[in-house]
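Structure record follows, encoded as structure tokens.
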DNA sequence: ACAAAAAAGTTGACGGATCAACCAAACGGT
DNA sequence: ACCGTTTGGTTGATCCGTCAACTTTTTTGT
């Protein structure tokens, strides 16, 4: 069934890199494809799309909240937001409780473009997930959780 | 930091992004960690490490072969190789059959640094894979295969 | 209430990845 | 043998992601 099953100890070089390599490649392709679709359908960038998604799902969110939830770099969020303001895709509304911060909101134009990109993005997402069985999806998410956890542990250990 | 679990059926916004988001984040963390380890243990970059791995596994390989096998950008391979030559980590040997090309080889210094980075990298790899069950590993690789395939199909369809 | 620490955002710098243009060598069909 | 095409490699432009420094505001501990 699984001739090339992997035992931990032996598989040296080729596997050595497998996880990182493969993830890296998939990530790159995934990114490139999403970027292309977004550009073609709505003329927006992937970063902008991600901000849009955060606004859509949480409504009136601040940059700091986005950073917390997604681990995006706050510098990049700042720049992306700046660009989106200049293009009129979003507006900011100063927070009353915190003078440093501001919440983000769609403009009509921004929301329009977001809706314009959505079908293609959703189709793609469905196609991607649909290529996996329910079990594969579930196991994959579990595996990703575990990998993130393992990374954190490695990080801690190597600080000893 | 992996609390908000997603069920398969509610395919909407939060999940919408999940695959890309999660892969993106894992990739970023994985990369950053590998880069840190490589810098600390051997003072080399991730790109340089990847070239080393290719030389190690295939011995006397040309840039073009590396590109074929890994999908790395050929421009980046060219620059990385250039840097490694300048630092004396590898040497090139002109190919006899093709005047345009050259094979890459370790120098002693390069091989030394590679060996120096290896234990930590191998430990990390073992820890990462070890955090998954054999089944999870297997399913994950299968899933990655399928995702790459699905991406290609999406690409083809959107060219119609 | 006040100083120290933390948090929100901005900005600059830098390395990595991507894309396109380009040169030179090799190949292939006629 | 020759010309068009393909392949190997280099380089420049550009964009994205990451890190660090800095400003301003808020929170916290005493």
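Chains as they are written, first to last, in the working numbering: chain A, 7 to 166; chain B, 7 to 166. The beta carbon of each residue, even a glycine, is placed where N, CA and C say it ideally should be.
Residue i, buried or exposed, once every other Cβ within 10 Å from all chains shown has been counted against 16
i: residue 106/B; result: exposed
i: residue 116/A; result: buried
i: residue 36/B; result: buried
i: residue 140/A; result: exposed
i: residue 132/A; result: exposed
i: residue 125/B; result: exposed
i: residue 130/B; result: buried
i: residue 103/A; result: exposed
i: residue 101/A; result: exposed
i: residue 38/A; result: exposed
i: residue 75/B; result: exposed
i: residue 153/B; result: buried
i: residue 70/A; result: exposed
i: residue 143/B; result: buried
i: residue 135/B; result: buried
i: residue 54/A; result: buried
i: residue 138/A; result: buried
i: residue 29/A; result: buried
i: residue 155/B; result: exposed
i: residue 158/A; result: exposed
Three-state secondary structure assigned by DSSP to residue i
i: residue 78/B; result: coil
i: residue 99/A; result: strand
i: residue 8/B; result: Interpretation of residue 8/B is limited by its pLDDT of 38, a score under 50 that renders its predicted location unreliable; the figure taken from the coordinates is listed afterwards. Looking at residue 8/B - three-state DSSP - the assignment turns out to be coil, as it is neither helix nor strand.
i: residue 94/A; result: coil
i: residue 121/B; result: helix
i: residue 84/A; result: helix
i: residue 17/B; result: Its pLDDT being 42, under 50, residue 17/B is placed unreliably in this model, and the value from its coordinates should be taken loosely. DSSP places residue 17/B in coil when its eight states are reduced to three.
i: residue 131/A; result: helix
N- and C-terminal bounds of the alpha helix (DSSP H) containing residue i
i: residue 109/B; result: Element bounds for residue 109/B: not the alpha helix (DSSP H) but the beta strand (DSSP E), 108-112.
i: residue 46/B; result: 24-48
i: residue 144/B; result: 140-163
i: residue 53/A; result: 52-64
Proximal residues to residue i (C-beta, below 6 Å), its chain only, five neighbours per side dropped
i: residue 51/B; result: none
i: residue 120/A; result: 58
i: residue 149/B; result: none
i: residue 79/B; result: none
Own chain partners of residue i with C-beta closer than 8 Å, once the 5 adjacent residues on each side are dropped
i: residue 7/A; result: Note that residue 7/A has pLDDT 43, beneath the 50 cutoff, so the model's placement of it is unreliable and the number below is only indicative. Excluding sequence neighbours, residue 7/A sits near nothing in its chain.
i: residue 57/B; result: 72, 83, 86, 87, 90, 96, 110
i: residue 49/B; result: 119
i: residue 170/A; result: In the structure as shown, chain A starts at 7 and stops at 166, and residue 170/A therefore has no counterpart that could be examined.
i: residue 92/A; result: none
i: residue 94/B; result: 113, 115, 116
Cβ-based neighbour list, residue i, same chain, cut-off 7 Å, excluding 5 preceding and 5 following
i: residue 67/A; result: 60, 61, 109, 110
i: residue 47/A; result: 122, 123, 126
i: residue 44/B; result: 50, 51, 52, 55, 123
i: residue 99/B; result: 108, 109, 111
Residues that DSSP places opposite residue i in a beta bridge
i: residue 67/B; result: 110/B
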